[in-house]
Amino acid sequence: MPKDTITEADEKVIMEAIQQAERNTSGEIRVHIENNCEGDVLDRATEVFAQLHMHLTKQRNGVLFYVAIKDHQFAVLGDAGINAIVPDHFWEDITEKVISHFKKQEYAKGLAKGVIMAGEQLKSHFPYSDKGDLNELSDDISFGK
1 MPKDTITEAD
11 EKVIMEAIQQ
21 AERNTSGEIR
31 VHIENNCEGD
41 VLDRATEVFA
51 QLHMHLTKQR
61 NGVLFYVAIK
71 DHQFAVLGDA
81 GINAIVPDHF
91 WEDITEKVIS
101 HFKKQEYAKG
111 LAKGVIMAGE
121 QLKSHFPYSD
131 KGDLNELSDD
141 ISFGK
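1 is the number of the first residue of the sequence shown in UniProt numbering; add one for each residue after it.
Structure below.
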């Protein structure tokens, strides 16, 4: 189980980062953690994105942080609304930051930093609005096997 690696304290750190990031943007951020990634990491992240119904946000502005801990796989995946407007290096910069922490087995710290980076960038393209901005997706971390 990935929960062998991610403690309750780690979950709290990651969820607080998600909530902090989402206070500034209408973008929706989810984190999914499992031990193993069968096949290509981007294909698996795309499957999880669909399973979590992340493509159903009003502005198509969901972001998934996907981690397969034991296989040392990571992907950050944005929906169509985000990909259409963020700079080319957006995902690569986040990936570099997250992986630099993963190499030190600082999973929660790496994910939290990546989530905050995503929120900062999303805020300029998808600012938070007091008028009807709903939290469309759960802030909870989802876990696979």
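For each residue, glycine too, the CB sits at the ideal point set by N, CA and C. Note that the coordinates shown come from a computational prediction; the quantities given were computed from them, not determined experimentally.
Contact between the segment 108-127 and the segment 5-16 is present, with at least three C-beta pairs closer than 8 Å. If one requires a minimum length of 4 residues, the alpha helix (DSSP H) runs lying completely within the segment 57-124 are 80-83 and 90-102, in chain order.
A straight-line Cα-Cα distance of about 14 Å links I29 and V67. CA-to-CA, the gap between V98 and R44 works out to about 18 Å.
The Cβ atoms of G27 and G119 sit closer than 9 Å to each other. Taking one beta carbon from each stretch, the segment 76-93 and the segment 49-63 have 3 or more pairs nearer than 8 Å; the two touch.
DSSP, reduced to helix, strand and coil, places T46 within a helical segment of the structure shown.
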